[in-house]
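Structure first, then comments.
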Amino acid sequence: MEQVHPQRKWQDYFSFSTDHKVIGVQYLVTAFFFYFVGGALAEAMRVELSTPDPDFVQPEFYNQLMTMHGSIMLFLWILPAGAAFANYLIPLMIGAEDMAFPRLNAVAFWIIPPGGIFFLSSFFVGAPQAGWTSYPPLSLVSGQWGEEIWILSVLLLGTSSILGAINFVTTILRMRIPDMDIHSMPLFCWSMLATSALILLGTPVLAAALILLSFDLIAGTAFFNPAGGGDPIVYQHMFWFYSHPAVYIMVLPFFGVISEVLPVHARKPIFGYRAIAYSSLAISFLGLIVWAHHMFTSGTPGWLRMFFMATTMIIAVPTGIKVFSWCATLWGGKLNLNSALLFGIGFLSSFLIGGLSGVMVASVPFDIHVHDTYFVVAHFHYVLFGGAVFGLFAAVYHWFPKMSGKMVNETLGRIHFVMTFIGFNLTFLPMHPLGLQGMNRRIALYDPKFQALNELVSIGSYLLALSTFPFIINIVWSVFKGKPAPRNPWRALTLEWQTASPPIIENFEEEPVLWAGPYDYGIDTESIDGDEEVEDMLAEVAGNT
Amino acid sequence: MKIPSNIVTLIAGITLTLISLWYGQNHGLMPIAASAEAAEVDGLFNLMMTIATGLFLLVEGVIIYSVIKFRRKEGDTTDGPPIEGNVPLEIVWTAIPTVIVFILAIYSFEVYNTLGGLDPMASHDHLASHNHHEMVAMDEGNSQLIAMNGEKVALGLGQSPYLEESSPLNVNVNGIQYAWIFTYPDTGIVSGELHVPVDRPVQLNMSGGDVLHAFWLPEFRIKQDVIPGRESQLTFTPTKVGQYPVICAELCGAYHGGMKTTLTVHSAEDYQQWLQDNTIAQTPNSEQLAVNSEQ
Ligand SMILES: [Cu+2]
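Residue numbers (this note's numbering), protein chains in the order written: chain A, 6 to 550; chain C, 519 to 813.
This is the structure in C-alpha cells:
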C-alpha cells in the first residue's frame, strides 16, 4: 500500500511524544526494563535461599532485595505494563484518534523513568528493608533514607497511575465512535474501566498513609509509632485499603487481555460477554471492601475478621464466572495454538490455582495458620505471575504484529512458553507445602528441614530466568528481521486490526466501520454457504487486494 | 461399539469426585496436629482441599481436553460455532460457587468460634502500660482493670465456648528483636522457651516492645501478631507430648528468620518436675531482677 501517511521515527520513542501509541510502547519497554531488574533481585534471593544459612548475602541486604523485588515488580513492572496496553489499545479499539488528554498522558509516563531510577538509587544509601508493605514501627527504624526514597517513589508512581486512570475513563466513556455503544466495546475496555475506578478510589488513601508515615519517619511525629502513642494498625488499614484493590488493578487489565486473545485464536465468540463485563465491575466493587483479609492475625477483632472473610469469599463468584466463561470460549473452538493462545491457556490454568488458594486463605481459621508463610507467597505469585504476567505475554505476542509491523517467530515463542510454564510451576508450586509445613516468609535463614524443597524452588527460578532469553532474542530479532505483518494477521474483529501495522500516526485513514461486534466469530458463516462473506469482508479489512 | 457420551461424562464425574474425596483426606500437606485447635482447622482444610481438587480437575480437564480435541486442523480457516452464551449454564456456574463459598463461610465461622475467636470475655484491646516491667508482671488486679477499661475488642483467640470452664495456665509472652520471653505469673519463672503440660488449656498474654512480631505454632495452627502498645492473646489446648517450633511470622528485622524457640509439651508429672526445677533455679535470679529494676 502507498505510504501516504508518515510513520513514527525511532527518535520519537525517546521524546515527550503525545501519541498514545508511542507512549504505550514507552510504557511497555520501561516496564520490561524494570521486570529484568526485579527478576535479577529475585534470583539473588533464590541463590541465598538454596541453603538454610545466610551465606550469600547479609540478612540486612536480603531484606533490601526482598523489599525492592516486591516494590519494583508491583509498581514498576505490572502496573506500567497494564498501562502500556491500555494506552496503546484503548483509542485504537474504540476508533479514536488519541486519548482524551494526550499531554497528561505523556506526563503520566514521564514520571515513571525518573521515579524508577530514583527508587533504584536507594541502593546507594541502603535500600528500604521493611518489605513492600512498609509496616511501622519496623519501617521507622530500619534505615531512614532508604525508607524515605521508597515513600517518595511510590507517591510519584501513584500520581502517574492516577493521571493514567483519568485518561482511560474519559477516553472510554467519551471518545468511542458513534456506532459503538457500551455493550459493543471490547471487553478490554470494560476491564480498564473497572481498573481505573479502583486506581482513582484507592490511590489517594495510600498517598495519605505514606505522607503520614513520612512525617513519622522524618519529623518524628507519632501517627503510627506506638512509642509516641500512635497506632501501627491504622497504617495497615490505610495501606491495604489501596493495596488490596491494587491486586485487582494489576490483574484486571490482563483479564481484559485474555477476553481479547481467546476468542480470536479459538475462532469463537467470547462466551457470556455481559457476564464477563459486569463481573469486572463486581470484582472492582467487592475489591474495595475486602482489605482487612490481610490483617486476620493483626490488630483486628473477631467480628471484623468474620465480616472480611465473607466479603472476600464472595469475590470467588465473579472470578469463577470469568474462568468458566473463558473455558467455555475455548470449548468447541478451532484453537490455533500459537504463542499468544498458549500464554492465554497458561494464564487460565495457573490463575485457577491462585484463585483456589485464594478462597482458602479467605477462610480465617485457615489463614491464621498460613498467614505470612510461603503458602501466601505461592498464592500471590500464582495470581500475579500466573495471572498478570502470563496474560501480559499473551498480550505481547498477540499485539506485537500491530505494534511493530513485524511477525514474531512462533518456534521461539513456543519455547519461551514451555520454559516459562515449567519454570513458573517448579518455582511456586512447592511453596504451598513449604508454607503449610511451617516456613515463614521474608527470611534469609530457615530451618534445614526445608532445604530440599527450597533447592527445587531455586532450580525452578533459574529456569524461569533462562526462559526470558528466547523471548528477548525473539523480540529483538523480529523487530529487525521479522516477516512484515499484514493489517490483520489473526483475522480479528476489533477495530485496532482495521488499520495498518503499525498504525499510522492519526490511527485510521478514515473513520473505521463497525461492521461486526468485537467477537462475532463464526456468526456470518452460519447462514450462508461457506464463509465467503466473512472472508470477503476480512480481505477488505485486511487490505489484501 | 460407541459408548454414549452421557455415560462417559457420568463416569468421568464419578472418578473426579472419588479422587477429590480421597485426596482431600490424604494430601499429607499439614504438619502433625498437636492441639485441639489443629484438629478443627485440619477438618476445614481437608474440606477445602476436596472442593479445590474437584474444581482443579474439572477446569484443567476441560482445558486439556479442549487443547487436544479442538485444535485447528492445518489449513482450516473456518470459525467455530457462534455460541455466545448459555443462560442455564451460566446460572449453574454462578450458583455452584455461591453455594460453595456460603458453606465454607459458615463452616469457617463455626471453626473460628470453636477456636475462641469470638470469645467476648477474652476481648480486650487497650493501650498497654508503657512500663515494660509492669507489663511482663501483669497480675490479677491489673487484668481486672483492663476489663473495666471499656474498650472490648477481641485480639486473637480466647476461650472456646465449647470447653467447660477450666482455669487455663497463664503465660505472659513478650516479643522483642529477636527473641521470645515467657513469664509464668503464678511461679515467677522467666524462660526463653515455652513449657506447658499436655491437655490443659494454655492462655498466652502477649505484648511487644519494639516492632511487630507474630507468634506462630505451626503444629498448633495458631498465630497472632504481637503489637507494641497492645495486648493480644492466644488460647490453645496441647494434645500431644513433644517439642514444637515457635516461630516469629511477622517481618521484624534482619534476623527475623532466626527469631524462633521451642515449645515443649510435657506430661502432667514432667511439667510439675520442670516447674520445681525452675522455680528453685530462678528465685535468686528474679530477686536480682527486682533489685536491678529499682536502680
Ligand atoms: Cu519477630
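The beta carbon of each residue, even a glycine, is placed where N, CA and C say it ideally should be.
Quick one: does the C-beta of E768 of chain C sit closer than 8 Å to a heavy atom of ligand 1?
-> yes
Find the residues of chain A that neighbour V897 of chain C, judging by a C-beta separation of less than 9 Å, and give them in chain order.
-> Nothing about residue 897 of chain C can be read from this structure; chain C reaches only from 519 to 813.
With P250 of chain A as the anchor, note down where its alpha helix (DSSP H) starts and where it stops.
-> 237-271
Between the Cα of W82 of chain A and those of A:V518, A:Q442, A:F398, spot the shortest distance and give me the residue it belongs to.
-> A:F398
Using Cβ-Cβ distances below 7 Å, what residues of the region 586-600 of chain C are close to chain A?
-> F588, R589, R590, D594, T596, D597, G598, P599, P600
Decide if A393 of chain A is buried, meaning its Cβ has at least 16 other Cβ atoms within 10 Å, or exposed.
-> buried
Ligand 1 heavy atoms versus the CB of G693 of chain C: any closer than 8 Å?
-> yes
Alpha carbon to alpha carbon, how far is S126 of chain A from D221 of chain A?
-> 22 Å
Quick one: is the Cβ of Y451 of chain A within less than 8 Å of any heavy atom of ligand 1?
-> No, the Cβ of Y451 of chain A stays beyond 8 Å of every heavy atom of ligand 1.
Does the beta-carbon of T176 of chain A have 16 or more other beta-carbons within 10 angstroms, so that it is buried, or is it exposed?
-> Classification of T176 of chain A: buried, given that the 10 Å Cβ count is 16 or more.
Please report the Cβ distance between M311 of chain A and G261 of chain A, rounded to the nearest whole angstrom; I am assuming they are in contact, meaning their Cβ atoms lie under 8 Å.
-> Not really, about 33 Å apart at Cβ, beyond 8 Å.
Cut-off 6 Å between Cβ atoms - residues of its own chain near A665 of chain C, not counting five sequence neighbours on either side = Because the pLDDT of A665 of chain C is 38, which lies under 50, any placement of that residue in the model is unreliable, and the question is left without a value.
Compute every distance between the C-beta of M567 of chain C and the non-hydrogen atoms of ligand 1, then say whether any falls below 8 Å.
-> no
Helix, strand or coil: how does DSSP classify Y762 of chain C here?
-> strand
Is G727 of chain C near ligand 1, judged by its Cβ being under 8 Å from some heavy atom?
-> no
By the 10 Å Cβ neighbour count, where 16 or more other Cβ atoms means buried, how is P191 of chain A classified, buried or exposed?
-> Classification for P191 of chain A: buried.
Using 9 Å as the limit for Cβ to Cβ distance, is W502 of chain A near chain C?
-> no
Alpha carbon to alpha carbon, how far is G706 of chain C from V295 of chain A? Give it in angstroms, no decimals.
-> The alpha-carbon atoms of V295 of chain A and G706 of chain C are separated by roughly 43 Å.
With 9 Å set as the bound, which would you pick, yes or no: does the beta-carbon of A665 of chain C sit closer than that to a beta-carbon of chain A?
-> Any reading at A665 of chain C must be qualified, since the residue scores a pLDDT of 38, below 50, and its modelled position is unreliable; the value itself is stated next. Cβ-Cβ to chain A under 9 Å: no for A665 of chain C.
Measure from the C-beta of L335 of chain A to each C-beta in chain C and report whether the shortest distance is under 9 Å.
-> yes
Using a Cβ-Cβ cut-off of 9 Å, state whether V629 of chain C counts as contacting chain A.
-> Among the CB atoms of chain A, one or more fall inside 9 Å of the CB of V629 of chain C.
Through-space distance from G151 of chain A to F128 of chain A, alpha-carbon basis | Each residue's Cα considered, the two are about 7 Å apart.
Taking the DSSP output, what are the residues bridged to H731 of chain C?
-> C:V744
Take the Cβ of Q761 of chain C as the centre, count every other Cβ of all protein chains shown within 10 Å, and call the residue buried at 16 or more, exposed below.
-> exposed
Extent of the continuous beta strand (DSSP E) to which V559 of chain C belongs = Element bounds for V559 of chain C: not the beta strand (DSSP E) but the alpha helix (DSSP H), 554-587.
Kindly identify the DSSP beta-bridge partner or partners of Q721 of chain C.
-> Q721 of chain C is bridged by DSSP to C:N688, C:T753.
Go to K778 of chain C, then tell me how far its alpha helix (DSSP H) extends in each direction, as first and last residue.
-> According to the DSSP assignment, K778 of chain C belongs to no alpha helix (DSSP H) but to the beta strand (DSSP E) extending over 778-784.
Can you say whether E669 of chain C is buried or exposed, counting buried as having 16 or more other CB atoms within 10 angstroms of its CB?
-> Residue placement at E669 of chain C is poorly supported in this model, since its pLDDT is 43, which falls under 50; the coordinates still yield a value, given next. Exposed is the call here.
Hey, W698 of chain C and T782 of chain C are a contact pair by Cβ (cut 8 Å); roughly how many whole angstroms apart?
-> That belief does not hold up - the Cβ atoms of W698 of chain C and T782 of chain C are roughly 13 Å apart, past 8 Å.
Residues of the region 560-574 of chain C with a CB closer than 7 Å to any CB of chain A: list them in chain order, please.
-> L562, F563, M566, A570, L573, F574
Quick check: the region 411-418 of chain A against the region 474-486 of chain A, are there 3 or more CB pairs under 8 Å?
-> Enough Cβ pairs lie closer than 8 Å, so yes.
Going along the chain, which residues of the region 320-331 of chain A sit with their C-beta nearer than 7 Å to a C-beta in chain C?
-> A321, V322, G325, I326, V328, F329
So who's on the other strand from W698 of chain C, going by DSSP bridges?
-> Assignment of beta-bridge partners to W698 of chain C by DSSP yields C:G693.
Could you tell me if the beta carbon of Y696 of chain C falls within a distance shorter than 8 Å of some heavy atom in ligand 1?
-> yes
Give the straight-line distance between the Cα atoms of G579 of chain C and I529 of chain C, rounded to the nearest whole angstrom.
-> Computed Cα separation, rounded: 14 Å.
Out of curiosity, what's the CA-to-CA distance linking Y140 of chain A and P523 of chain A?
-> 45 Å
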